[in-house]
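Enquirer: Residue 96 in UniProt numbering sits at position 96 of the sequence shown, with consecutive numbering throughout. Pasting a structure below so you can have a look.
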Amino acid sequence: MEQPELRAADADRERVAEKLRTALNEGRLDLSEFDERLQAVYAAKTYAELAPITADLPGPVPVAQAQLAVPQPGAPVPLGAPVVPRKSGFARNAIAGWASTSMITTGIWAATSISSGHPSYFWPIWVIIPMGAAVVAKLIKGSDHEERERSEREQRRALRDEHRRERRD
């Protein structure tokens, strides 16, 4: 058992800080209260100073009783559950791939032009333009697809709400 007058170690402070992070993630603390308590944790010198920081927080909550359940892939989403849109990294990856390919081919062209002593035909244009056009076309098509999915989700939500109202009446 910890004696309140003993000095706390970094590991003790980190254990309390982790409990605060858990409470923040569970919605038990707001961000400003979390920040205040975290400052108090790292300022604490003894166990007696650490104890009151988490005294009003429960211990770990069993998964079966947790407010936030981890969805299983392919499992149906309960009615009324918040829909969190997935963010695709396609746009960032496509543009980064196009930019890096453009820089590499331009670098090869520049190196060969410098070594020959005079600028040669800018052949990387045959890579840069078609690849750029393909990326732009895919980004446009992808945004249409996302808009269509959003519209379908809204229609399904409106239909569910209508069914709920009919059941209540």
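Every residue gets a Cβ at the ideal spot worked out from N, C-alpha and C, and that includes glycine.
Would Arg7 and Val41 qualify as a contact pair, given that the criterion is a beta-carbon distance under 9 angstroms?
Expert: Not closer than 9 angstroms, so no.
Enquirer: Which full runs of the alpha helix (DSSP H) of 4+ residues lie inside the segment 5-51, going along the chain?
Expert: Runs found: 10-25, 31-43 and 47-50.
Enquirer: In whole angstroms, what separates the C-alpha of Thr22 from that of Trp98?
Expert: Looking at the two C-alpha atoms, the distance is approximately 41 angstroms.
Enquirer: Tell me whether Gly107 sits in a helix, a strand or coil according to DSSP, three-state version.
Expert: Helix, per DSSP.
Enquirer: Around the C-beta of Ile104, are 16 or more other C-beta atoms found within 10 angstroms, so that it is buried, or is it exposed?
Expert: That one is exposed.
Enquirer: Using 8 angstroms as the cut-off, classify the Cβ of Pro130 as near or not near the heavy atoms of the ligand HEM, replying yes or no.
Expert: With respect to small molecules bound, the structure shown includes none, and the ligand HEM cannot be examined in it.
Enquirer: Kindly indicate which residue of Ser115, Thr46, Gln155 and Ile53 has the alpha-carbon position closest to the one of Glu5.
Expert: Nearest option by C-alpha distance: Thr46.
Enquirer: Per the contact definition of three or more C-beta pairs closer than 8 angstroms, is the segment 22-41 in contact with the segment 49-57?
Expert: With a cut-off of 8 angstroms, the segment 22-41 and the segment 49-57 count as touching, because enough Cβ pairs lie within range.
Enquirer: Here's the rule I'm using: 16 or more other beta-carbon atoms within 10 Å means buried, otherwise exposed. How should Gln3 be labelled?
Expert: When all chains shown are included, Gln3 counts as exposed.
Enquirer: Between the Cα of residue 171 and the Cα atoms of Pro58, Ile108 and Leu20, which residue gives the shortest distance?
Expert: Here the chain comprises residues numbered 1 to 169, so residue 171 is not present and cannot be evaluated.
Enquirer: Determine the direct distance from the alpha carbon of Ser102 to that of Ala91, and round the result to whole angstroms.
Expert: One C-alpha to the other measures close to 16 angstroms.
Enquirer: Near Phe122, what residues of its chain come up, given a Cβ to Cβ distance below 8 angstroms and the 5 sequence neighbours on each side ignored?
Expert: Around Phe122: Trp109.
Enquirer: Under a Cβ-count criterion, where at least 16 other Cβ atoms within 10 Å of its own Cβ denotes burial, should Val136 be classed as buried or exposed?
Expert: Val136 comes out exposed.
Enquirer: Could you give the DSSP three-state label for Gln155: helix, strand or coil?
Expert: Note: Gln155 maps to helix in three-state DSSP.
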